[in-house]
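Following this note's numbering, the numbering of the sequence shown begins with 80 at its first residue and continues without gaps.
What follows is a short report on a single structure.
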Amino acid sequence: MAEETIELQVKGGQASGGPPLGPKLGPTGINIQEVVAAINEKTSPMKGMTVPVKVHVNTETKSFNIEIGTPPTSGLILSELGIKKGSGVPGTEFVADMTIEQALNVADVKISGILAKSRKAALKEVIGVCNSMGIKVNGEEPDKASKLIGEGKWDKLIPAN
């Protein structure tokens with residue numbers, strides 16, 4: 080079985096047969112519109128976010144399988160907060176304040192694709208990204224929020240599931 084894997088980034092629910100997808104899939108001989116429809120169906124819950132996609136193509140049978148990754152943590156944070164971009168001067172200028180619950184929502188989406196071994200560790204990774212974006216967490220600067228989590232001071236806010 081000859082299999083080819085094509086990796087690309089698409090906007091959730093907005094893939095099209097044009098570049099970059101069409102030119103990469105064209106030489107494989109598969110039906111590009113079928114692939115586009117499948118990608119859009121699978122990525123529609125992440126509408127507007129950049130989503131990593133792998134298209135595995137069997138070049139003999141012209142069949143395909145689509146593997147959807149999770150969007151970058153920064154994209155999930157922006158979406159969760161409903162803002163367009165982070166701070167131009169992180170650490171000095173803060174553009175939003177994310178609740179622990181919102182940060183946990185992002186951590187829960189990312190946990191399967193990161194190195195964190197626990198929900199608390201995944202939460203601290205999300206807070207690290209908040210630091211580089213100029214976003215406070217529960218009213219605290221991200222470094223302090225991460226420290227409070229490490230010390231267990233916010234354990235009651237972090238359900239174990």
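Note that beta-carbon positions come from the ideal geometry of N, C-alpha and C, so glycine has one too.
According to the DSSP secondary-structure assignment, residue 112 is paired through a beta bridge with no residue. For residue 152, no beta strand (DSSP E) run applies; the uninterrupted alpha helix (DSSP H) run containing it begins and ends at 152-160, by DSSP. Of 137, 159 and 171, the smallest CA-CA separation from residue 124 is found for 159. Assignment of residue 137 by DSSP, reduced to helix, strand and coil, places it in the strand class. If you draw a straight line from the Cα of residue 233 to the Cα of residue 122, it is about 34 Å long. Boundaries of the beta strand (DSSP E) harbouring residue 87: 82-90, taken from the DSSP string. CA-to-CA, the gap between residue 83 and residue 107 works out to about 8 Å.
In terms of CA proximity to residue 172, 164 leads the group 179, 164 and 178.
Around the beta carbon of residue 185, 16 or more other beta carbons lie within 10 angstroms, which makes this residue buried. The residues 149, in chain order, have a CB closer than 6 Å to that of residue 192 in the same chain once the five nearest residues on each side in sequence are set aside. The Cβ neighbour count for residue 196, taken over all protein chains shown within 10 Å, is under 16; the residue is labelled exposed. Residue pairing by DSSP puts residue 145 in a beta bridge opposite 134.
A straight line joining the alpha-carbon of residue 231 with that of residue 157 spans about 27 Å.
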